[in-house]
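*Asks:* Take this structure, written in structure tokens, and hold onto it; I'll ask about it next.
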Amino acid sequence: MRPKLNLQTSTTLALTTQQPFNSHHDDVLDHVIISPAHHTIGLDDVVATSSGGHRPRGRPAGSKNKPKPPIIVARDSLNALRSHVLEVCSGAEIVETLSNYAHRRGKGVCVLSGTGTVVNVTLRNAGSVVTLGGRFEILSISGTVLPPPAPPGSGGLSIYMSGGEGQIVGGNVVAPLIASGTVTLMAASFSNAMFERLPLVLDDHS
């Protein structure tokens, strides 16, 4: 006998199946509740539910195309490099200014390049120290300035400049290096620098 469908006012669909009576079994009543019933349900769907039908496996359609939430870094790593544009005012001594900056920030400063003019430059080349008077245009400047407790002489700057007559001079900077006008430096700062002396000495347990 085919099942009877009864629509209830509480938006539920009741299915009642009654099997024929025989001498060995009492009446059997199967009752299935499907809620809410806001759309038309076919007889095959109800029969599948009452017989314990399985849900389809796998991802829902279109789930792979959903945008993924962005990854947000809450804080910077202590080992990360940070870029800086440093402006040195006219009349300031560049080496001392960078040393004070590194000391107050507690970070090492790696100077990558720079522009501007300097005066009264003192350079060291091949063991000799030369002081040059006049104004010079910076062609390139680079080096590292380390904060305490870095050992003395562990950093330094090198510079190449052009003079008023077109000559090019350069070498390792010995203070003073005075800015004539604003000098702009492109630099990167870093923390947690490890000081190691090379070559490494291997102990007996290595």
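Heads up, the sequence shown is in the UniProt record's numbering, so the first residue is 1 and it goes up one at a time.
Backbone N, C-alpha and C define an ideal beta-carbon position, used for all residues, glycine too.
As the structure is a computational prediction, the values presented were derived from the model and not from experiment.
At what residue ranges does the segment 63-135 contain a whole run of the beta strand (DSSP E), taking only runs of 3 or more?
*Replies:* 82-88, 108-115, 117-125
*Asks:* What whole-angstrom Cβ distance do residue 183 and residue 116 have, given they're in contact under 8 Å?
*Replies:* Between residue 116 and residue 183 the Cβ distance is about 3 Å, and since that is below 8 Å, they are a contact.
*Asks:* Starting from the C-beta of residue 103, find all residues in its chain whose C-beta is less than 8 Å away, skip the five residues before and the five after it, and write them out in chain order.
*Replies:* 147, 148
*Asks:* For the candidate residues 67, 166, 125, 94, whose alpha-carbon lies nearest to that of residue 145?
*Replies:* Measuring from the Cα of residue 145, the nearest candidate turns out to be 94.
*Asks:* Can you tell me the Cβ-Cβ gap for residue 118 and residue 186, rounded? I've got them flagged as a contact below 8 Å.
*Replies:* Not really, about 16 Å apart at Cβ, beyond 8 Å.
*Asks:* Can residue 171 and residue 158 be called in contact, C-beta distance under 9 Å?
*Replies:* yes
*Asks:* Have a look at residue 188 and residue 108 and give me their C-alpha separation to the nearest angstrom.
*Replies:* Between residue 188 and residue 108, the C-alpha separation is close to 8 Å.
*Asks:* Please confirm whether any heavy atom of the ligand FMN lies closer than 8 Å to the CB of residue 167.
*Replies:* In terms of ligand content, the structure shown is empty, and the ligand FMN therefore cannot be addressed.
*Asks:* Within the same chain, show all residues whose beta-carbon is closer than 6 Å to that of residue 131, passing over the 5 residues directly before and after it, in chain order.
*Replies:* 122
*Asks:* Please classify residue 85: is it buried, with 16 or more other beta-carbons within 10 angstroms of its beta-carbon, or exposed?
*Replies:* Answer is exposed; the Cβ neighbour count stays below 16.
*Asks:* Where residue 201 and residue 82 are concerned, what is the direct C-alpha to C-alpha distance, given to the nearest angstrom?
*Replies:* 33 Å
*Asks:* In whole angstroms, what separates the C-alpha of residue 196 from that of residue 152?
*Replies:* 14 Å
*Asks:* Kindly indicate which three-state DSSP category residue 196 falls into: helix, strand or coil?
*Replies:* Coil, per DSSP.
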